[in-house]
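Undergrad: Questions regarding the structure given below will be posed in turn.
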Amino acid sequence: MRLIRTTPTASSRRRIGTLLAAVVTAALAAALAQPSPVAAASYPNPGAVTGDTGVHDPTMVKRPNGGYLVAYTGDNIGLKTSQDRTAFHNTGSAFPGGASWTYPYTDNGRSLWAPDLSYRNGQYYMYYAASTFGSNHSAIFLATSPSGDPGTWTNRGLVVASQTSDDFNAIDPNLVVDAQGNWWLDFGSFWSGIKTIALNPATGLRADTSLRSTAGRGGGPIEAPYVFHHGGYYYLFVSFDYCCRGASSTYRIMVGRSAGVTGPYTDRNGTAMTSGGGTEILAGHGSIHGPGGEGVFTDTDHDILVYHYYADNGTPLLGVNWLDYDSAGWPYAH
Numbered sequence: 013m014r015l016i017r018t019t020p021t022a023s024s025r026r027r028i029g030t031l032l033a034a035v036v037t038a039a040l041a042a043a044l045a046q047p048s049p050v051a052a053a054s055y056p057n058p059g060a061v062t063g064d065t066g067v068h069d070p071t072m073v074k075r076p077n078g079g080y081l082v083a084y085t086g087d088n089i090g091l092k093t094s095q096d097r098t099a100f101h102n103t104g105s106a107f108p109g110g111a112s113w114t115y116p117y118t119d120n121g122r123s124l125w126a127p128d129l130s131y132r133n134g135q136y137y138m139y140y141a142a143s144t145f146g147s148n149h150s151a152i153f154l155a156t157s158p159s160g161d162p163g164t165w166t167n168r169g170l171v172v173a174s175q176t177s178d179d180f181n182a183i184d185p186n187l188v189v190d191a192q193g194n195w196w197l198d199f200g201s202f203w204s205g206i207k208t209i210a211l212n213p214a215t216g217l218r219a220d221t222s223l224r225s226t227a228g229r230g231g232g233p234i235e236a237p238y239v240f241h242h243g244g245y246y247y248l249f250v251s252f253d254y255c256c257r258g259a260s261s262t263y264r265i266m267v268g269r270s271a272g273v274t275g276p277y278t279d280r281n282g283t284a285m286t287s288g289g290g291t292e293i294l295a296g297h298g299s300i301h302g303p304g305g306e307g308v309f310t311d312t313d314h315d316i317l318v319y320h321y322y323a324d325n326g327t328p329l330l331g332v333n334w335l336d337y338d339s340a341g342w343p344y345a346h
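Position in the sequence shown (first residue = 1) + 12 = my numbering.
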């Protein structure tokens, strides 16, 4: 089609000017009425990692003799190692002979979920979950290892379980040792939200029957708690919304903080995390879909945020970013 140019009259120029002004005004009003996309667009991409980077629900710990150990959701818990936090290599599974003690919760399946690694008292501690998708007939177990290598993990027993009659879900564990040396376990997914129990440091198992609530969304999607102590605060990281949908996943990482390890946790606006509060620090952007299942640890250069995300083809991959803090002490991915 060819455009025909004409010379506008004065009246037509006024009409065009009025129309343009109306369009600009409407566009500005629409922009102000909508959430700004700038924040999401400004989120960093994951740092460079190479090698065997396929993971879901990763946890990473720095090894005392150098390098890093990663555990993640998979058959009998998958393991990876890295010497430089960049190149990762599969090393096998924590329980190559299977974990029969978990079968009552997995319908005899081998997939074990969301491990949590730490190195304490000269050995590795790993809390992990056994369940089936969508069920709260679930359990969290503890295993320890002197080296972290496949086949060296010893089952230390059941820590906490949930049944279909309960209003919580015993998955996604995270060990927290507070500034006074007390041991706690955060866990939870959906139902009534994130829970905290006290542990016996001598055994790593449950210390009493108290069950504390630390975050929730009124039954909505919240899971993968991770508590990290920095400065004068305990920061509670959680994943909002939905994982496990490939590139359609809507997971996003949220945070709140508290002066005490068991709360109350509030977000940047002062909203209690038990009332759905949470400040977003990482969400999907570009080809990074559904980042979540996070953990945090301190390294020699920075605090490190570890998580999974989904590629455009739906593959879950390892995400690693620096974690920095603004002038008000709130963390952000860098």
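Note that CB positions come from ideal geometry on N, CA and C, so glycine has one too.
1. Can we say the segment 116-131 touches the segment 79-89, given the rule of at least three CB pairs closer than 8 Å?
2. Buried or exposed: which applies to Ser287, given that a residue is buried once 16 or more other Cβ atoms fall within 10 Å of its Cβ?
3. Can we count Ile209 as close to the ligand ADP, meaning its CB is less than 7 Å from some heavy atom?
4. When burial is assigned at 16 or more other CB atoms within 10 Å of the CB, is Asn88 buried or exposed?
5. I need the straight-line Cα distance from Leu154 to Leu124, nearest angstrom please.
6. Taking Thr291 as part of the beta strand (DSSP E), name the residues at either end of that continuous run.
7. Put Ser251 into one of helix, strand or coil per three-state DSSP.
8. Shortest alpha-carbon distance to Arg122 belongs to which of Asp279, Met138, Ala142 and Lys92?
9. Quick one: residues in its chain with C-beta nearer than 7 Å to the C-beta of His301, no 5 flanking neighbours on either side, listed in chain order?
10. Across which residues does DSSP place Glu235 in a beta bridge pair?
11. Can Gly228 and Thr71 be called in contact, C-beta distance under 8 Å?
12. I'd like the span of the alpha helix (DSSP H) that includes Tyr115, first residue to last.
13. Go to Asp315, then tell me how far its beta strand (DSSP E) extends in each direction, as first and last residue.
14. Return the CA-CA distance between Leu335 and Tyr139, expressed in angstroms with no decimal places.
15. I need the boundaries of the beta strand (DSSP E) containing Tyr55, first residue and last residue.
16. Assign Thr114 to one of two classes, buried (16 or more other C-beta atoms within 10 Å of its C-beta) or exposed (fewer than that).
17. Looking at Met266: is its Cβ nearer than 8 Å to the Cβ of Thr226?
TA: This is what the structure holds:
1. yes
2. By one-based count along the sequence shown, residue 287 stands at place 275. Its Cβ having fewer than 16 others within 10 Å, Ser287 is exposed.
3. Because no ligand of any kind appears in the structure shown, any question about the ligand ADP cannot be addressed here.
4. The residue labelled residue 88 in the question sits at position 76 within the sequence shown. Buried is the call here.
5. Within the sequence shown, residue 154 is the residue found at index 142, counting from 1. Within the sequence shown, residue 124 is the residue found at index 112, counting from 1. The straight-line gap from Cα to Cα measures roughly 12 Å.
6. Position 279 of the sequence shown, counted from the first residue, corresponds to residue 291. That run of the beta strand (DSSP E) goes Thr291 to Leu294.
7. The count along the sequence shown starts at 1 and reaches residue 251 at position 239. Here Ser251 sits in strand by DSSP.
8. Mapped onto the sequence shown, residue 122 falls at position 110. Measuring from the Cα of Arg122, the nearest candidate turns out to be Ala142.
9. Translated into the one-based positions of the sequence shown, residue 301 becomes position 289. The answer, listed in chain order, is Ala259, Ser261, Tyr321 and Tyr322.
10. Indexing the sequence shown from 1 puts residue 235 at position 223. Glu235 pairs with Ser201 and Ser251.
11. By 1-based counting over the sequence shown, the position of residue 228 is 216. By 1-based counting over the sequence shown, the position of residue 71 is 59. In this structure, Thr71 does not lie closer than 8 Å to Gly228 by Cβ.
12. Taking the first residue of the sequence shown as position 1, residue 115 is located at position 103. Taken as a continuous stretch (DSSP letters only), the alpha helix (DSSP H) holding Tyr115 covers Tyr115 to Thr118.
13. For the purposes of this step, residue 315 is taken as the residue at position 303 of the sequence shown. Run containing Asp315: Asp315 to Tyr322, per the beta strand (DSSP E) assignment.
14. Taking the sequence shown and counting its residues from 1, one reaches residue 335 at position 323. Taking the sequence shown and counting its residues from 1, one reaches residue 139 at position 127. C-alpha separation (whole angstroms): 24 Å.
15. The count along the sequence shown starts at 1 and reaches residue 55 at position 43. Looking at the DSSP string, Tyr55 is not in any beta strand (DSSP E), and its letter there is neither H nor E.
16. By 1-based counting over the sequence shown, the position of residue 114 is 102. Its Cβ being crowded by 16 or more others within 10 Å, Thr114 is buried.
17. Numbered from its first residue, the sequence shown carries residue 266 at position 254. Numbered from its first residue, the sequence shown carries residue 226 at position 214. In this structure, Thr226 does not lie closer than 8 Å to Met266 by Cβ.
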